[in-house]
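Asks: Would you mind keeping the following structure in view while I ask a few things?
Residue numbers (this note's numbering), protein chains in the order written: chain A, -18 to 143; chain B, 107 to 890.
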């Protein structure tokens, strides 16, 4: 059946079974490359998308449950030419190896910091407790997120947007 | 922004736009035509004529020819071709630096094309910490670059009438040092033409002292695409008309297909085909969800499995199996020395099966049309994949093209090779492109695991407390490996299709003919004498290393630092145990038995960074209850001479629960001349933490018939939420040495360093990985 989704600010009509996992719709129907199949079980974070401000695991989220909501993928944050500040922090810190997990790491951190702009190091660590990186770029990733958090809480304090 | 032309999604988009998508006939000339116009923003189309015949799929471009490695576009842009691929280790960026340095152009002006059997040289597998040694010393990409630069200078000399030594090259322009009006561009000299030159082994490489680009922390060229979701991984490859496949693996090890009831899935919408070939079962559907549903629902009657040895007895079981034996060194006097030694120390170390457990369950896309096939694969060896896939498909290898697309970091052999076979078989069955996504369980239950090991150590101390003799004996299992060119049965899909793994033949050990410490079976502290030469890194002359390889119930394969990590865990734990018996400091005791300067330097380097206090272990004054801390050290000459690392850690042990936390890690690393210091640091840090996760919690588990560690609840990888230790590293640059591997060094030593720190903190010795809380608690209780 035809379903209309709002992804990265654009409306898309897709003809899929409503029980289809959102991940398959994003990657197969919309050809987005940010969300990835890591485990298919909601255990690792690779498939993360932000739905109405909350990071969700798209591999276990039926597409019918996100109709009408704002869906953001890694592509929705920024582009290679104009990365989002958090993506830029990951580039600056060279915070990855294979990069398969960064979708989950960046989006989980982004959604968390949007809601908790004053979060400290321990809070961020806790927020990422269900996200995996098998190359173990953990230290650099936390450094990148910390830098972004410091930068954006300053921006917010000045009345700017994240 | 200048686009750096890593052959990625854009290249494929360009190929598609040029009507060349995924067809085997596409060769390097076609690529250059397509990409010259569409991607890189300069025209190669009519100027850069590469012989199609030379690129004929029958063989790889010849390694001895400059044109196989380096091409110059009309505008001076440099194109490098390499058989070493990006797995996350940063080697694409490093190779771009190398080409840029040798050809004297900015990195932005280099396009690197890697691992496509229609375009790039066959450099075997990207593995074993071999990419730097292969391409950065005096052959292959480095030497081709140097030859090309000398040729360009020579051509410019003729054209300008200026002696070559009075010319200087930068950014694709060669200029007379004395008269800057005299200049010519690379494009004017060879743009559109071949070098038609053999790689000159005497061409002079840029000296490290002259480096402008090598040796600097150039940022990863692929990160802007990766961080913004633009990078095309194998998981993201989408071809027109592509279908989705899933596989149905046996429920237990060794089960065979008895019957398949296709009617059980007849209601699945868009189901295209159920494919059964011997014990291989797969389904193809129009949409991924329906393929997944069909795979889950398909009724397959399987035979009983073969049964598995009890996990708790696997190490004893290994020692009872027929074995293929090998001798690393044998001075023939160790038995006598052990019988007469003032003090004898013995210990046995146990290592579990571990797995790659890649972040992404593996995925590949195959397009098999008639007698041709194109495979988009995250394999570490495209040329191996081509030949072994051809065997599975019954096609000629020259009709199979394998194009590398990144997977998630693999650290050896994950499900990539198997899933490429899966996709190939399913595509052939339906005559359309098929993408196969493995499930997490498919990946974890059937990959080629890292070796379990039993490692026995025996040492005799002399009256002064020095080691007079060292005997090492180990047992480890094997079944399969990488598929190589002709062993598809080395991985699960090949096995299910009826291909056997490479034959395992038990047999006695022969006398060692030459010294080879490739697996680090020989401890760093022995002399390593074979014949009349000592080639080891240590001083102990009475030495024996005997290894036993036995048949494995599970597929096995290289897992980051294969055998080296297990051997080094045993060696570097044992040297500490002996030091404790001798009441000596761990660093000082090691130094007493080392003679290799590079090992000595990394050991001292780590100790210095850690402000190492000289004293024996255990640490005096620690309580027997509550939380205590201790320090441990370890070092290695990886593979005997392929990268050096010393590591020190501070660990905290909660003696009430047995929980171990690593607080600080200090690393000294030496990989020869440093290409990219930040890349080296990234590898050192990541390797240390990955090794820590492996040491503290990672283990394959199974019951009487099947693997039970099949997801992230049953297999324990430290998530981003754990307390990350503080890390400091010192990079030892050795510009006058050959480039060595780097990515497998820190992971090799950290387990022993942690075990040594646990001992230092508590006086309890942990000899079995993983060091999970129950095991540590048991060791603490046994300590009394």
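Backbone N, C-alpha and C fix where the C-beta goes; we use that ideal spot for every residue, glycine too.
If we count Cβ pairs, one from each stretch, closer than 8 Å, do we get three or more for the segment 247 to 257 of chain B versus the segment 192 to 199 of chain B?
Replies: Short answer: they don't touch.
Asks: Indicate whether residue 795 of chain B and residue 117 of chain A have their beta-carbon atoms separated by less than 8 Å.
Replies: Yes. Within cutoff.
Asks: Look at the alpha carbon of residue 548 of chain B and the alpha carbon of residue 722 of chain B, and state the distance between them as a whole number of angstroms.
Replies: Taking the straight line joining both Cα atoms gives about 48 Å.
Asks: Helix, strand or coil: which one does DSSP assign to residue 30 of chain A?
Replies: Correct three-state label for residue 30 of chain A: strand.
Asks: I'd like to know whether the C-beta atoms of residue 241 of chain B and residue 201 of chain B end up nearer to each other than 8 Å.
Replies: Taking 8 Å as the Cβ cut-off, residue 241 of chain B and residue 201 of chain B qualify as a contacting pair.
Asks: Considering only residues of the same chain and omitting the five flanking positions on each side of residue 502 of chain B, which have a CB-CB separation below 7 Å?
Replies: Around residue 502 of chain B: 496.
Asks: Please classify residue 107 of chain A: is it buried, with 16 or more other beta-carbons within 10 angstroms of its beta-carbon, or exposed?
Replies: Residue 107 of chain A is exposed by the Cβ-count criterion.
Asks: If the cut is a Cβ gap below 7 Å, which residues of chain D does residue 818 of chain B touch?
Replies: The structure shown has no chain D; the protein chains it does contain are A and B.
Asks: Which class does residue 636 of chain B belong to by DSSP, given the choice of helix, strand or coil?
Replies: Correct three-state label for residue 636 of chain B: strand.
Asks: Pull up the DSSP beta-bridge partners for residue 576 of chain B, would you.
Replies: Residue 576 of chain B pairs with B:565, B:649.
Asks: Hey, residue 125 of chain A and residue 76 of chain A: beta-carbon distance below 8 Å or not?
Replies: It is a contact, given that the beta carbons lie within the stated cut-off.
Asks: In chain B, which residues lie with their C-beta within 9 Å of the C-beta of residue 56 of chain A?
Replies: Simply 334, 335, 336.
Asks: So residue 339 of chain B contacts chain A; which residues on that side make the cut at Cβ distance below 8 Å?
Replies: The contacting residues are 14, 17, 81.
Asks: Taking the alpha helix (DSSP H) that residue 769 of chain B belongs to, which residues open and close that run?
Replies: Careful: residue 769 of chain B lies outside any alpha helix (DSSP H), inside the beta strand (DSSP E) at 766 to 776.
Asks: Within 10 angstroms of its Cβ, does residue 276 of chain B collect 16 or more other Cβ (buried), or is it exposed?
Replies: Under this definition residue 276 of chain B is an exposed residue.
Asks: Please name the residue in B:835, B:467, B:668 whose C-alpha comes closest to that of residue 775 of chain B.
Replies: Answer by Cα proximity: B:835.
Asks: Does residue 833 of chain B come within less than 8 Å of chain A when only Cβ atoms are used?
Replies: Taking Cβ atoms only, chain A reaches closer than 8 Å to residue 833 of chain B, which makes this a yes.
Asks: With the cut-off set at 8 Å, would you say residue 788 of chain B and residue 324 of chain B are in Cβ contact?
Replies: Not closer than 8 Å, so no.
Asks: Mind the definition here: the segment 646 to 666 of chain B touches the segment 450 to 469 of chain B only if three or more C-beta pairs lie below 8 Å; say whether that holds.
Replies: Contact between the segment 646 to 666 of chain B and the segment 450 to 469 of chain B is present, because at least three Cβ pairs lie under 8 Å.
Asks: Chain A beta carbons: is any one of them nearer than 8 Å to that of residue 703 of chain B?
Replies: Answer no: the Cβ-Cβ gap between residue 703 of chain B and chain A never drops below 8 Å.
Asks: Considering Cα atoms alone, identify which of B:166, B:561, B:576 is closest to residue 568 of chain B.
Replies: Ranking B:166, B:561, B:576 by Cα distance to residue 568 of chain B puts B:576 first.
Asks: Pull up the DSSP beta-bridge partners for residue 365 of chain B, would you.
Replies: In DSSP, residue 365 of chain B forms a bridge with B:407.
Asks: Which class does residue 75 of chain A belong to by DSSP, given the choice of helix, strand or coil?
Replies: If DSSP states are grouped into helix, strand and coil, residue 75 of chain A belongs with coil.
Asks: Can you tell me where the alpha helix (DSSP H) with residue 56 of chain A in it begins and where it stops?
Replies: Residues 55 to 58.
Asks: When we look at the beta-carbon of residue 851 of chain B and count the other beta-carbons within 10 Å, is it buried (16 or more) or exposed?
Replies: By the 10 Å Cβ count, residue 851 of chain B comes out buried.
Asks: So, at 7 Å on beta carbons, what are the nonlocal neighbours of residue 23 of chain A in its own chain, with the 5 sequence-adjacent residues on each side left out?
Replies: The residues are 38, 40, 41.
Asks: How many whole angstroms separate the CB atoms of residue 646 of chain B and residue 573 of chain B, which I take to be in contact at a CB cut-off of 8 Å?
Replies: 5 Å between Cβ atoms; contact.
Asks: Per the DSSP calculation, residue 874 of chain B is bridged to which residue(s)?
Replies: In DSSP, residue 874 of chain B forms a bridge with B:456.
Asks: How is residue 5 of chain A classed by DSSP in three states: helix, strand or coil?
Replies: Note: residue 5 of chain A maps to helix in three-state DSSP.
Asks: Taking beta-carbon pairs under 9 Å, can you tell me which members of the segment 509 to 537 of chain B lie near chain A?
Replies: Of all residues in the segment 509 to 537 of chain B, 512, 513, 514, 515, 516, 517 have a Cβ within less than 9 Å of some Cβ in chain A.
Asks: Counting only beta-carbon separations shorter than 8 Å, does residue -4 of chain A have a partner in chain B?
Replies: It does not; no Cβ of chain B falls within 8 Å.
Asks: Keeping to the same chain, check which residues put their C-beta closer than 6 Å to that of residue 626 of chain B; ignore five residues upstream and five downstream.
Replies: Excluding positions up to five away in sequence, the list reads 670, 673, 674.
Asks: What did DSSP end up calling residue 395 of chain B once you bin it into helix, strand or coil?
Replies: Reduced to three states, the DSSP call for residue 395 of chain B is helix.
Asks: Using a Cβ cut-off of 8 Å (strictly closer), state whether residue 114 of chain B contacts chain A.
Replies: Only weak support exists for where residue 114 of chain B lies, its pLDDT of 34 falling under 50; the value from the coordinates is given anyway. False, the Cβ-Cβ gap to chain A never drops below 8 Å.
Asks: What is the residue span of the beta strand (DSSP E) that residue 835 of chain B lies within?
Replies: Looking at the DSSP string, the run of the beta strand (DSSP E) that includes residue 835 of chain B is 832 to 838.
Asks: For residue 160 of chain B and residue 379 of chain B, I'd like the C-alpha separation in whole angstroms.
Replies: Low confidence applies to residue 160 of chain B: its pLDDT is 35, below 50, so where it sits in the model is not reliable enough to give any reading.
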